[in-house]
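Below: the structure, in structure tokens.
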Amino acid sequence: MKRVGYYNKLQRHGYVFILPTLLFFSIFLIIPMFSAFQLSLFKWNLVSPKVYVGLKNFIKLFQNERFWNSYLVTLHFTFLTVIIITFISFWMALALTSKLLRFKHVLQSMIFLPVVLMMVPVAVVWQFMFQTTGLLSVIFLNVFRFNIPWLTSTKITPYAMILVYVWKYTGFYMVMFIAGLLDIPEVHHEAATIDGAGFWARLIHITIPQLRNTLILVLVSCTIFTFGTFPLQYVMTEGGPSRSTEVLSLLIYKEAFMYTKFGYSASISVVFFLTLLIFSVIQLRIFKSGTV
Amino acid sequence: MKRASLFLVLLFLLASVSCVMAAAAEKVRIVHIHWTQPPYDEINAGSAKSFMAKYPNVEVKLLMYADADMPTKVRIALAAGGECDTFAMPNIQSPWFMANETVEEIMPSAFGKQTVQEVIDMWEKDAVKKTGGFYNGVYYGIPHEMSNYAAWINIAHMKEAGLNPETDIPKTWEEFVDVCKKMTKDEGGVRVRNGFAINLKAPVFPFLILHSLMEQKGLDWGTEDGLLASLDTKEAVEALTTFTDWAIKDDIFDPGLFDNEREGFGNGLCSTFLTGGTWYWGVLDQYTVPREDVTPFQYPRYKDGKDIGGVVYGYCAFVTKQARNKEWAWKWLDYLERQPEAYIVHGYYQPRKTLDLALADKYIPSNDVFGAERRTGAVMLASPKWNEFQDAVGEAVSSVIFRGISNEEALRRLKQEVKSILE
Numbered sequence: 005m006k007r008v009g010y011y012n013k014l015q016r017h018g019y020v021f022i023l024p025t026l027l028f029f030s031i032f033l034i035i036p037m038f039s040a041f042q043l044s045l046f047k048w049n050l051v052s053p054k055v056y057v058g059l060k061n062f063i064k065l066f067q068n069e070r071f072w073n074s075y076l077v078t079l080h081f082t083f084l085t086v087i088i089i090t091f092i093s094f095w096m097a098l099a100l101t102s103k104l105l106r107f108k109h110v111l112q113s114m115i116f117l118p119v120v121l122m123m124v125p126v127a128v129v130w131q132f133m134f135q136t137t138g139l140l141s142v143i144f145l146n147v148f149r150f151n152i153p154w155l156t157s158t159k160i161t162p163y164a165m166i167l168v169y170v171w172k173y174t175g176f177y178m179v180m181f182i183a184g185l186l187d188i189p190e191v192h193h194e195a196a197t198i199d200g201a202g203f204w205a206r207l208i209h210i211t212i213p214q215l216r217n218t219l220i221l222v223l224v225s226c227t228i229f230t231f232g233t234f235p236l237q238y239v240m241t242e243g244g245p246s247r248s249t250e251v252l253s254l255l256i257y258k259e260a261f262m263y264t265k266f267g268y269s270a271s272i273s274v275v276f277f278l279t280l281l282i283f284s285v286i287q288l289r290i291f292k293s294g295t296v
Numbered sequence: 227m228k229r230a231s232l233f234l235v236l237l238f239l240l241a242s243v244s245c246v247m248a249a250a251a252e253k254v255r256i257v258h259i260h261w262t263q264p265p266y267d268e269i270n271a272g273s274a275k276s277f278m279a280k281y282p283n284v285e286v287k288l289l290m291y292a293d294a295d296m297p298t299k300v301r302i303a304l305a306a307g308g309e310c311d312t313f314a315m316p317n318i319q320s321p322w323f324m325a326n327e328t329v330e331e332i333m334p335s336a337f338g339k340q341t342v343q344e345v346i347d348m349w350e351k352d353a354v355k356k357t358g359g360f361y362n363g364v365y366y367g368i369p370h371e372m373s374n375y376a377a378w379i380n381i382a383h384m385k386e387a388g389l390n391p392e393t394d395i396p397k398t399w400e401e402f403v404d405v406c407k408k409m410t411k412d413e414g415g416v417r418v419r420n421g422f423a424i425n426l427k428a429p430v431f432p433f434l435i436l437h438s439l440m441e442q443k444g445l446d447w448g449t450e451d452g453l454l455a456s457l458d459t460k461e462a463v464e465a466l467t468t469f470t471d472w473a474i475k476d477d478i479f480d481p482g483l484f485d486n487e488r489e490g491f492g493n494g495l496c497s498t499f500l501t502g503g504t505w506y507w508g509v510l511d512q513y514t515v516p517r518e519d520v521t522p523f524q525y526p527r528y529k530d531g532k533d534i535g536g537v538v539y540g541y542c543a544f545v546t547k548q549a550r551n552k553e554w555a556w557k558w559l560d561y562l563e564r565q566p567e568a569y570i571v572h573g574y575y576q577p578r579k580t581l582d583l584a585l586a587d588k589y590i591p592s593n594d595v596f597g598a599e600r601r602t603g604a605v606m607l608a609s610p611k612w613n614e615f616q617d618a619v620g621e622a623v624s625s626v627i628f629r630g631i632s633n634e635e636a637l638r639r640l641k642q643e644v645k646s647i648l649e
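Shown next as structure tokens:
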């Protein structure tokens, strides 16, 4: 009896400790989120009276070519970016936890450095590098004898965006993988090596299964953050050329703050939220993990 | 006795404090939102100060915001019922505020006039319309600034290309392409200088150029109906083709070289551009190309087209519906907008009739060009959905240049989008 009472008391203290955070999230996250759900059922331009339109915003949305273009652009960007970032950051983490590599800390810091930079200056600098006379263009011209229209082709610019995003965030996920790899007891690898397991066998049967939770965390968080990309496209292309990089967040921003269609914009946000919810549930189901 | 004295002192103090508070409460407070732009900020601040000195019962508080942020800031202030009695707004954004009934009609009595027309007559002909103070038959705003886009050319590049800056300034779009072709420069297969440039990243710029081209072709882009009706005409195809050919056929414009044409022109990376106003002289000073190497010139015309120049743009000042004292708010705006001689020193043109036009010639280099273009300039599309229209037009231009679709198809899609916006 005494023991339960103690834990109850402890739990009550716990609630007190999380109360400030809970209040903060309620005011700045949860309440606005529910407001957005409510707003998606209205027609409103900030100064007009709110007019209830039911599901009309959603009907209009699903009939709108621009929304679907934006949705596909975002899916394409997210899908490729998540795969590339996961792959590269995993292999970098493996390399940087290997005993064979020297100057690991220097390399790790260099790879992580872009993560701490703000996206806006990063986008501006990359924009200069992508220009016809920019560094990347000059390198391509001198080495491969051709110039790439990095920011002026609807076929290439989406990949230029992915390139910058991957460069910026790979270091972040690499650190997550390093933390996961360091958690794997060394004895497992040693035992497997004694049993004659090679690099690939150890990777497939020991490393990857034991990294499952880290992998889920990387996939879920990378998907969520990538799907919500905004400053990169806003600064570098403003969604162009010809809306080929107009991601959903950018469309939400334009519909709300440029066209003052706040209800319609909120309906895109709701679809955005539901998509991410579905992604996350699917990812968690696939890995059947309740621990993340 | 002591108690009585103390009571009297307290009573005196209370009465004094009450009087001061009452005086403060009686003071008319006007909050004015303006975009920030040195050196004009100082003139605006000086106006507020001298207005308050003249009328001690009025307090004017100026809030300065970046031009691009201003519409959103004003909208939020109005939506939240915040302090916003008067504000300035560009003519591309002002129709939204007028259409949504957030601003007051002009109050003639505040200007010491009997009718609105008498107030309008205080400015140049059509100045209120061109600067965005007129919507749906009603006058809401008074002009703060009026300017227009002219074409600019680098005469050093002209000489380098064997052209004569005295005689070879282009007058038609055909000549424009020929001159630009001669000034375009490639090195080792790489474009290092554009003959012409425009910022396609921001749809407003292609919109402005196409607006003028369409009007020169005799189409009406000043109204929503006119815009919609123009889109399936052969003249519209010709105008759009003129524009897109600069990038895809004439090859005088490689969008990959840089984004900002004002910056590119200032650094000698392009030889002409079409979106510089009288203020560009000051902007140019920040870059490497010296003033003597450039000159503005009138927009080229179509041989068989109308004599219409670049789009006229401007700013009007408005009194909000929620203004606490509307008469004083209008009086303040009248005071702010009656000193064109203070602004013209910095090349800033206020179209008030009291302006001595000799000052414009004195302080605005090449004012003959700007003056002529102001008179023939196209009137900006007045629509509360202007942002959506410019975005749709920008997309039409981009889809031809970047996706390779035909001009006809781009206009067909534009028409669909314009219809959808109007619905």
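Which chain is which? The protein sequence lines are X and P, in order. Counting from 1 along the first sequence, just add 4 to a position and that's the residue number in our numbering. Counting from 1 along the second sequence, just add 226 to a position and that's the residue number in our numbering. C-beta atoms are modelled at their ideal positions from N, C-alpha and C, and glycine is treated no differently. Everything numeric in this text was worked out from a predicted model, so none of it was measured.
- Between Ser246(X) and chain P, the shortest Cβ-Cβ separation is below 8 Å.
- Here DSSP, grouped into helix, strand and coil, assigns Asp267(P) to helix.
- Counting only Cβ-Cβ distances below 8 Å, Leu426(P) has contacts in chain X at Gly244, Pro245, in chain order.
- Within the segment 292 to 303 of chain P, those residues whose Cβ lies closer than 8 Å to any Cβ of chain X are, in chain order, Thr298, Arg301, Ile302.
- Interface annotation, Asn613(P): in contact with chain X, CB-CB separation under 8 Å.
- In the DSSP secondary-structure assignment, Pro522(P) is bridged to Trp378(P).
- Residue range 254 to 261 is occupied by the beta strand (DSSP E) that includes Trp261(P).
- The shortest CA-to-CA distance from Trp612(P) to any of Leu215(X), Glu259(X), Met37(X) is the one to Glu259(X).
- A distance below 8 Å separates the beta carbons of Ser456(P) and Asp446(P).
- Thr101(X) sits away from Ser246(X), with the two beta carbons spaced by 8 Å or more.
- The alpha carbon of Ile379(P) has as its nearest neighbour, out of Val515(P), Tyr589(P), Asp587(P), the alpha carbon of Val515(P).
- With 16 or more other CB atoms across the displayed protein chains lying within 10 angstroms of its CB, Tyr361(P) is buried.
- With fewer than 16 other beta carbons inside 10 angstroms of its own, Asn12(X) counts as exposed.
- Trp349(P) sits in a strand when the DSSP states are folded into three classes.
- Its chain contains Pro369, Met372, Pro577 as the residues whose beta carbon lies nearer than 7 Å to that of Ala353(P), once the 5 sequence neighbours on both sides are disregarded; these appear in chain order.
- By the beta-carbon neighbour count (other beta carbons within 10 angstroms, threshold 16), Leu495(P) is buried.
- At the C-beta level, Val251(X) and Thr233(X) come within 8 Å of one another.
- Of the other Cβ atoms in all chains shown, 16 or more fall within 10 Å of the Cβ of Lys265(X); this residue is therefore buried.
- Residues Met409, Ser497 of the same chain have their beta carbon placed closer than 6 Å to that of His383(P), with the five preceding and five following residues left out of the count.
- Ala598(P) places its beta carbon 8 Å or farther from that of Gly502(P).
- DSSP lists His260(P) as the bridge partner or partners of Met290(P).
- Using a Cβ-Cβ cut-off of 8 Å, Gln237(X) does not count as an interface residue toward chain P, since no Cβ of chain P sits closer than that to its own.
- If you draw a 10 Å sphere on the C-beta of Thr156(X), you find 16 or more other C-beta atoms in it, and that means buried.
- Looking at the DSSP output, Thr580(P) bridges to nothing.
- By the Cβ rule, the segment 267 to 285 of chain P does not count as touching the segment 319 to 336 of chain P, because fewer than three pairs are nearer than 8 Å.
- Between Gln442(P) and Ile534(P), the C-beta gap is smaller than 8 Å, which places the two residues in contact.
- The alpha carbon of Thr580(P) has as its nearest neighbour, out of Asp560(P), Glu386(P), Phe615(P), Asn374(P), the alpha carbon of Asp560(P).
- Nearest Cα to Thr521(P) within the set Val403(P), Gln548(P), Phe596(P), Glu350(P): Phe596(P).
- Rounded to whole angstroms, the gap between the alpha carbons of Ala608(P) and Ile87(X) is 47 Å.
- Taking a contact to require three or more Cβ pairs closer than 8 Å, the segment 31 to 48 of chain X and the segment 270 to 279 of chain X qualify as touching.
- Glu413(P): member of the beta strand (DSSP E) spanning 411 to 413, first to last residue.
- Taking 8 Å as the threshold, the shortest C-beta distance from Asp352(P) to chain X does not fall below it.
- Taking a C-beta cut-off of 8 Å against chain P, the contacting residues of the segment 40 to 58 of chain X are Asn49, Leu50, Val51, Ser52, listed in chain order.
- Here Val342(P) has Glu331, Ile332, Pro334, Tyr365 as same chain residues with Cβ atoms under 8 Å from its own Cβ, once five neighbours each way along the sequence are excluded.
- With the rule of 3 Cβ pairs closer than 8 Å, the segment 67 to 76 of chain X does not count as touching the segment 218 to 225 of chain X.
- The beta carbons of Val405(P) and Leu389(P) sit about 6 Å from each other, so the pair counts as a contact at 8 Å.
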